[in-house]
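Trainee:
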Amino acid sequence: LARCDCDPPFSAENAISCRSDLNPENGSYPFPALGHRDHGATDMKVTNSQLIESLSFTAIAGPTHDPTPVFDWTTTPFQEIVPHNGQPTRWTFEPVTHRWSSSLYDVHYRDDTELDQDFS
Numbered sequence: 415l416a417r418c419d420c421d422p423p424f425s426a427e428n429a430i431s432c433r434s435d436l437n438p439e440n441g442s443y444p445f446p447a448l449g450h451r452d453h454g455a456t457d458m459k460v461t462n463s464q465l466i467e468s469l470s471f472t473a474i475a476g477p478t479h480d481p482t483p484v485f486d487w488t489t490t491p492f493q494e495i496v497p498h499n500g501q502p503t504r505w506t507f508e509p510v511t512h513r514w515s516s517s518l519y520d521v522h523y524r525d526d527t528e529l530d531q532d533f534s
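Numbering of the sequence shown is given in the working numbering, commencing with residue 415 and proceeding in unit increments.
#1: Which residue or residues does DSSP assign as beta-bridge partners of T456?
#2: Select from D419, P502, A473 the residue whose C-alpha is nearest the C-alpha of G441.
#3: To the nearest angstrom, how far is it from the Cα of L436 to the Cα of P509?
#4: Just confirm the distance between the C-beta atoms of L448 and W514, as a whole number of angstroms; I'd bet it's less than 8 Å.
#5: What is the DSSP secondary structure of I466, counted as helix, strand or coil?
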């Protein structure tokens, strides 16, 4: 999917969960969107037949990494031109599996006492 009429002959922009920061700055691309730029996927959420039975999914925050390099604001050429106040410096997080409540009824129709316990 990543192959294109580019030099090098591929673009990270065409990959699933793309990271255009991985494209070479000195590459040549038929149009700018395929080139080196501050653009890419920021997280992943996935489920499967086993997880769905328990209303669960697994998520990872941050741009894709492994086997590609971890995104790091101290090493990216975009650090001075892209605002990133409050963001972590290095975007490397472990997967987290989340289980939703057993039904929407549980969320919408619990009494206030139960809701207060959730936040205490």
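Backbone N, C-alpha and C define an ideal beta-carbon position, used for all residues, glycine too.
Mentor: Let's see:
#1: Here residue 456 corresponds to residue number 42 of the sequence shown, with the count starting at 1. In DSSP, T456 forms no bridge with anything.
#2: Numbered from 1 along the sequence shown, position 27 holds the residue referred to as residue 441. The shortest C-alpha separation from G441 is found at D419.
#3: Reading the sequence shown from its first residue, position 22 is the one you call residue 436. Reading the sequence shown from its first residue, position 95 is the one you call residue 509. The straight-line gap from Cα to Cα measures roughly 22 Å.
#4: For the purposes of this step, residue 448 is taken as the residue at position 34 of the sequence shown. For the purposes of this step, residue 514 is taken as the residue at position 100 of the sequence shown. Actually they are not in contact, since the Cβ atoms of L448 and W514 sit about 37 Å apart, beyond 8 Å.
#5: In the sequence shown, counting from the first residue as 1, residue 466 sits at position 52. Here I466 sits in helix by DSSP.
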